[in-house]
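Student: In the working numbering, the protein residues as written are 217 to 596.
Cβ coordinates follow ideal geometry from the N, Cα and C atoms, glycine included.
A quick note: this is a predicted structure, and the numbers were derived from the prediction, not measured.
Mind looking over this structure? Questions follow.
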């Protein structure tokens, strides 16, 4: 194998059944190796003499590895490390010389207690399901996506909130995380563009309204969260499913005020289209401020002046249960002719109670609406 550049042993089995055994160990791997993919690798480390200088991609999912190698190697060509499901892994090597490293996936490496990645080029670090992980650090200013979901971390380093290219931060299921941050320097000029935020926090100690590019906020299963902060105008999606301590009335008022006073004017001022406006939170009823309401699947409303109409906000009660791969749709008819249609695919695995779903349907998304007649709404 001294001249092998590409090597792949891949399992298609969903049960992770691997049949490659090395009873006599592995003495060597090619120093010319550029692509190494070995699912279910059965040894505790790579050969001690393995030189990874030429390596571009390393993928060893569901392996028995405890470590890759000792010390720091010149990993100048390495771009990807994927050790998903390597449950016995207890350490990762020194990656400070991996100056082109972009993606590290350590999902479900359940024996890892600490992860420190000091590559300046890293863009994605996925630590999802590293249930023993308590400490981590990442120095890269190129970081765009970080998942710490279902880890045992107790706090988030303040440096994370100052990574200006960070777009997604996943903290779902971080049971030991009491609050998101005490960092006082997050302010309106700070250009975070986070697409996900979730934890077991009881409160927000940060002013997320100042995060002017925050587009999506995920707070699913934050059962201790008692209230939501004011939302930035850029926010178009909120998921607070199973946040059982949230006050439904106050949450619904906050969301409607956000949509009416901030979000819709923001969309129109910036000439933006509304594709996925969606806000979900626990609740059994729609508040009285919503004038037109019904318990049926359709409702007829009186004529509304088109010149004064921005669009419609739909507030729908979803029953508890699984909504995976379900969808909800709303059709708008005028005098028997459909002039508008909105559909959303729902990806909520299990709602423990009834929830309110709010969606915005902009008038610019409608077909021609005449200046007279009656509207009729159907929802499914």
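1) Once DSSP output is grouped into helix, strand and coil, what is the label at residue 216?
2) Quick one: what does DSSP say residue 532 is sitting in, helix, strand or coil?
3) What's the call for residue 236, buried or exposed, on a 16-neighbour Cβ count within 10 Å?
4) According to DSSP, is residue 378 part of a helix, a strand, or is it coil?
5) Closest by CA to residue 474, which one among 456, 464, 264, 495?
6) Spell out a yes or no on whether the region 511–518 and the region 477–486 are touching, meaning 3 or more CB-CB pairs, one atom from each, closer than 8 Å.
7) Could you tell me which of 276, 257, 244, 428 sits nearest to residue 264, measuring between CA atoms?
8) Assuming residue 456 contacts residue 435 under a Cβ cut-off of 8 Å, what Cβ separation, rounded to an integer in Å, is found between them?
9) Going by the DSSP bridge assignment, what does residue 498 pair with across the sheet?
10) In whole angstroms, what is the alpha-carbon distance linking residue 366 and residue 346?
11) Does residue 334 come out as helix, strand or coil in the three-state DSSP assignment?
12) So what's residue 427 in DSSP terms, helix, strand or just coil?
13) From residue 301 to residue 442, what does the alpha carbon distance come to, in whole angstroms?
14) Looking at the structure shown, is residue 579 part of a helix, part of a strand, or coil, going by DSSP?
15) Candidates 284, 384, 502: which alpha carbon is nearest residue 311's?
16) Leaving out five residues before and five after residue 370 in sequence, what residues of the same chain have Cβ atoms less than 6 Å from its Cβ?
17) Would you kindly work out how many angstroms separate the C-alpha atoms of residue 258 and residue 226, rounded to a whole number?
18) Please return the same chain residues whose Cβ sits closer than 7 Å to the Cβ of residue 348, not counting the five positions on each side in sequence.
19) So what does DSSP say about residue 403, is it helix, strand or coil?
20) Run through DSSP, which three-state label would residue 354 get?
21) Return the residue from the list 324, 437, 551 that minimises the CA-CA distance to residue 567.
Tutor: Walking through what the data contain:
1) No information on residue 216 is available, as it lies outside the stretch 217 to 596 that the chain covers here.
2) Reduced to three states, the DSSP call for residue 532 is strand.
3) That one is exposed.
4) Here residue 378 sits in helix by DSSP.
5) The shortest Cα separation from residue 474 among 456, 464, 264, 495 belongs to 495.
6) Here the region 511–518 does not lie against the region 477–486, with fewer than 3 beta-carbon pairs under 8 Å apart.
7) Closest option to residue 264, Cα to Cα, is 244.
8) At roughly 5 Å, the Cβ-Cβ gap stays under 8 Å, so residue 456 and residue 435 are in contact.
9) According to DSSP, residue 498 bridges with 571.
10) Each residue's Cα considered, the two are about 7 Å apart.
11) Coil.
12) Coil at residue 427, not helix or strand.
13) For the pair residue 301 and residue 442, the Cα-to-Cα distance works out to about 35 Å.
14) Residue 579 falls in the helix class under three-state DSSP.
15) If we check each option's Cα against that of residue 311, 284 comes out closest.
16) These residues qualify, in order along the chain: 392.
17) In this model, residue 258 and residue 226 are separated by some 13 Å (Cα to Cα).
18) So the qualifying residues of the chain are 326, 327, 328, 329, 368.
19) Its pLDDT being 39, under 50, residue 403 is placed unreliably in this model, and the value from its coordinates should be taken loosely. The three-state secondary structure of residue 403, taken from DSSP, is coil.
20) In this structure, residue 354 counts as strand in the three-state DSSP scheme.
21) Looking from the CA of residue 567, the closest CA among 324, 437, 551 belongs to 437.
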